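Single-structure report; data block below.
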Amino acid sequence: CYARDGKLYCRIDYERLFLRNRCLGCGHRIACDELVMRTYDNVFHLKCFACVVCGGMLKKGEQYVVKQGQLFCRLDYEKEVEMLQGYDFYGDDLFAPKMDGRRGPKRPRTILNTQQRRAFKASFELSPKPCRKVRENLAKDTGLSLRIVQVWFQNQRAKVKKIQKKAKQEHTKGASDSQDSQESDSSNLAKIKDEA
77 CYARDGKLYC RIDYERLFLR NRCLGCGHRI ACDELVMRTY DNVFHLKCFA
127 CVVCGGMLKK GEQYVVKQGQ LFCRLDYEKE VEMLQGYDFY GDDLFAPKMD
177 GRRGPKRPRT ILNTQQRRAF KASFELSPKP CRKVRENLAK DTGLSLRIVQ
227 VWFQNQRAKV KKIQKKAKQE HTKGASDSQD SQESDSSNLA KIKDEA
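Everything in the sequence shown is counted per the numbering used here, starting at 77 for the first residue and increasing by one.
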C-alpha cells in the first residue's frame, strides 16, 4: 500500500496517479527523449510493451488487454479467460459467481507479473515442494503473501501431475491399441488355421 495526503493507494493506482513519468512495465523513469507506448493513462518503454505471459513484444495495431496494470496479448488473454470459465467479470476484478458453502466469496484471481512468474518457476524447478523458509523468501522478494506463494506451488504441482497422468493415459491407450491390433491379428491367424 502507498499513502499520500492521508489516503491509501495500491501500487498500480499510486503510480498511475502520481508517477506519470514512470514505465508501468518496469517501474523505471522514462526520459523525456525516449519513445513510448501509451494505453489510456499508462506509459511503457518500447521494450516493456510486451505480454506478461509469453513475453512477446506488442506492436502498434495489435490487439491486447490491460488487466490490473499488466499487458496481455490477445491469445494469452483468451487463454486466461478460458481458464477462468465459471467466473463472472465485474469491473476490473474477477469474482466467483456464487458463495462457497464453507466460506465467503472467493477472492479475485492474482495475476503474476513477469518477474514473479520467473522467480516462482525457477524455484519450482529446484524443488516442487520448497520448505517454508524458501516460500517466505519468495513471498518477501515478490511482494506477495505467503498464502499466494503456497497456493501457486500447490496449483503447479497439480498441473504437473495432471500432465503426467494425461501422458500416461495416452501412452497406455497407445499400448492397448497396439495390443488390440496384435490380438486381432492372432485371432485372424487362428481362424485361418482352423479353416485350413
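Glycine included, C-beta positions come from ideal geometry on N, C-alpha and C. Note that the structure is a prediction, hence the values are computed from the model and not measured.
Please classify residue i as buried or exposed, where buried requires at least 16 other C-beta atoms within 10 Å of its C-beta.
| i | result |
| --- | --- |
| H121 | buried |
| K269 | Annotation note: pLDDT 48 at K269 (below 50); position unreliable, no value reported. |
| N231 | exposed |
| L93 | exposed |
| L134 | buried |
| C99 | buried |
| S199 | buried |
| T218 | buried |
| C149 | buried |
| N279 | Outside the displayed range of the chain (77 to 272) lies residue 279, so it cannot be described from this structure. |
| L222 | exposed |
| Q240 | exposed |
| L202 | exposed |
| G180 | With a pLDDT of 48 at G180, under the threshold of 50, the modelled position of that residue is not reliable, and no figure is offered here. |
| L170 | Because L170 sits at a pLDDT of 38, beneath the cut-off of 50, its placement in the model cannot be relied upon, and the following sentence gives the value as read from the coordinates. So L170 counts as buried. |
For the candidate residues the options, whose alpha-carbon lies nearest to that of residue i?
| i | options | result |
| --- | --- | --- |
| K237 | K249, L214, P204, V225 | P204 |
| C102 | F125, R114, K216, G82 | F125 |
| G132 | Y116, T115, L151, E110 | L151 |
| V128 | Y90, D81, Y78, Y140 | Y140 |
| L220 | Y78, L188, Y90, K244 | L188 |
| K235 | T190, K197, V210, L222 | K197 |
| R114 | Q240, V142, C77 | V142 |
| Q191 | K249, C130, E212 | C130 |
| N118 | L147, K136, E110, D109 | L147 |
What are the boundary residues of the beta strand (DSSP E) that residue i is part of?
| i | result |
| --- | --- |
| V210 | Element bounds for V210: not the beta strand (DSSP E) but the alpha helix (DSSP H), 208–218. |
| L147 | 146–149 |
| K123 | K123 -> no beta strand (DSSP E), and no H or E assigned at all. |
| A79 | 78–80 |
| K143 | 140–143 |
| M133 | It is not in any beta strand (DSSP E) - M133 carries neither H nor E in the DSSP assignment. |
| T115 | 112–115 |
Are residue i and residue j close, meaning C-beta to C-beta below 8 Å?
| i | j | result |
| --- | --- | --- |
| I106 | G145 | no |
| V227 | A215 | no |
For the alpha helix (DSSP H) holding residue i, just list the boundary residues, first then last.
| i | result |
| --- | --- |
| K83 | That residue, K83, is in no alpha helix (DSSP H); its beta strand (DSSP E) goes 83–85. |
| T190 | 190–202 |
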